[in-house]
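Here our numbering is used: position 48 in the sequence shown is 48, and no number is missing along the way.
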Amino acid sequence: MRQVKRPKQIEFSEEQLREDLRREARVLNIHQGAADLIAGEVATKLEKWLEDKPTITQSDLDRRIVMEVKKYNKDLAFILGERNKLI
């Protein structure tokens, strides 16, 4: 009998997003104050975007994060966009 793997459901965490953005910003040597500002703005805009959506895919969320981060720092957006891709 073949077992089918069901995709696990995860919930969006604003705090986790902020931490991920700060960590990636440190890699690029972005000042901590600027990283906090970017993380706060992006998390706030994503919360607004998610309000009316009962379910989204991980790739939808990743695309939206990259789009919002690109407004503030293109290098950080590139790093986030290329994350989890094989080279």
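Beta carbons are placed, not taken as given, at the ideal position from N, Cα and C, and that holds for glycine. What you are looking at is a predicted structure, and each value in this text was computed from that prediction instead of being measured.
Coarse secondary structure for residue i, derived from DSSP in three states
i   : result
S13 : coil
K48 : helix
R26 : helix
Q3  : coil
Alpha-carbon spacing of residue i relative to residue j, whole angstroms
i   : j   : result
T55 : N73 : 28 Å
L28 : K5  : 37 Å
K71 : K8  : 31 Å
Extent of the continuous alpha helix (DSSP H) run through residue i
i   : result
R60 : According to the sequence shown, residue 60 is Asp rather than Arg. It spans Q58 to K70 - the alpha helix (DSSP H) in which D60 sits, taken as one unbroken run.
K74 : K74 to E82
Local Cβ density within 10 Å of residue i, reported as buried at 16 or more and exposed below that
i   : result
L21 : buried
Q10 : Here the sequence assigns Ile to residue 10, which means Gln is not the residue at that position. Under this definition I10 is an exposed residue.
L37 : exposed
E51 : exposed
E24 : buried
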